[in-house]
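Worksheet: the structure to be examined is printed underneath.
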Amino acid sequence: MSPTLVIVLIVVVLLVIAGVVYAVRASRRKQLQTKFGPEYDRVVGDADSRAAGERELQERQKRVAQFELRALPAEAKARYSVAWEEVQIQFVDAPAEAVSTADELVTRLIEERGYPTGGYDDQLANLSVQHATTLEHYRDAHAISERSKNGDAETEDLRQALVHYRALFADLLGENPVRSEGAVAPDSEPKVPSQKINDHDPDVAGSRPDATSR
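Each residue of the sequence shown is one higher than the one before, counting from 428 in this note's numbering.
Written as structure tokens, this is what we have:
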């Protein structure tokens, strides 16, 4: 075999290997983008490089795969739905306290589903694997809740926090926690309720195709 032919074969082999590596990386990237949605862009944007961000997302998947996640039985779902309706009723007279209660209720539900409930950032990372579509709701709700603790949140802010908490709550619960007879389009602008936050809020089921009214 001539030296020229050997060089050509080596080049061909290297090109094939490079093509395989590229295809594997592209496939992995597509899977991560599909799995994490907007969270993919957020993590990659915050990382030193795209590769570092993707490694972070893969590590999240490996970590969550070790959790003993569990679906809730019907009795537990009913109990949580009742608890959520009580939070909405509480909002009428004590908006700030209702938001605080909603935060505690969501944390309790996260724990009952099998997720660790340590630090807030760890909760976000863990939830992003299975609940990426409602993760931004959790961020917004948490931010308002923190402002509320300092007395910097208006009633409308608190109402929005409850709407955001409900989005994650419904996602974790697997159904809309509020009994309803109808729903307003998700892009409609809700009013501050005079009696309670109800079905005239934007139905969070609109952000999750699999959420249903009870």
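Note that beta-carbon positions come from the ideal geometry of N, C-alpha and C, so glycine has one too. Here the structure is a predicted model, which is why all the values come from computation and not from measurement.
Does the Cβ of residue i have 16 or more other Cβ atoms within 10 Å, making it buried, or fewer, making it exposed?
{"i": "threonine 528", "result": "buried"}
{"i": "aspartate 598", "result": "buried"}
{"i": "valine 451", "result": "exposed"}
{"i": "serine 476", "result": "exposed"}
{"i": "isoleucine 537", "result": "buried"}
Return yes when the Cβ of residue j is within less than 8 Å of the Cβ of residue i, no when it is not.
{"i": "glutamate 524", "j": "glutamine 515", "result": "no"}
{"i": "valine 491", "j": "asparagine 553", "result": "yes"}
{"i": "proline 604", "j": "tyrosine 542", "result": "no"}
{"i": "proline 522", "j": "leucine 595", "result": "no"}
{"i": "tyrosine 547", "j": "histidine 564", "result": "no"}
{"i": "serine 572", "j": "aspartate 530", "result": "yes"}
{"i": "leucine 436", "j": "leucine 600", "result": "no"}
Return helix, strand or coil for residue i, following the three-state DSSP convention.
{"i": "threonine 461", "result": "helix"}
{"i": "arginine 487", "result": "helix"}
{"i": "glycine 578", "result": "coil"}
{"i": "aspartate 475", "result": "coil"}
{"i": "leucine 496", "result": "coil"}
{"i": "proline 522", "result": "helix"}
Throw me the rounded Cβ distance for the residue i and residue j pair, which I believe falls under 8 Å.
{"i": "valine 526", "j": "alanine 588", "result": "5 Å"}
{"i": "valine 533", "j": "tyrosine 467", "result": "In fact, because the Cβ distance is near 23 Å, the residues do not count as touching under 8 Å."}
{"i": "glutamate 481", "j": "leucine 459", "result": "6 Å"}
{"i": "alanine 580", "j": "glutamate 539", "result": "Not a contact, Cβ separation roughly 27 Å."}
Does chain C have any CB closer than 8 Å to the CB of residue i?
{"i": "serine 555", "result": "No chain C is present in this structure, which holds just one protein chain."}
Would the region 551-558 count as touching the region 499-516 if we require 3 or more Cβ pairs under 8 Å? No: the two stretches stay apart, fewer than three of their Cβ pairs being nearer than 8 Å.
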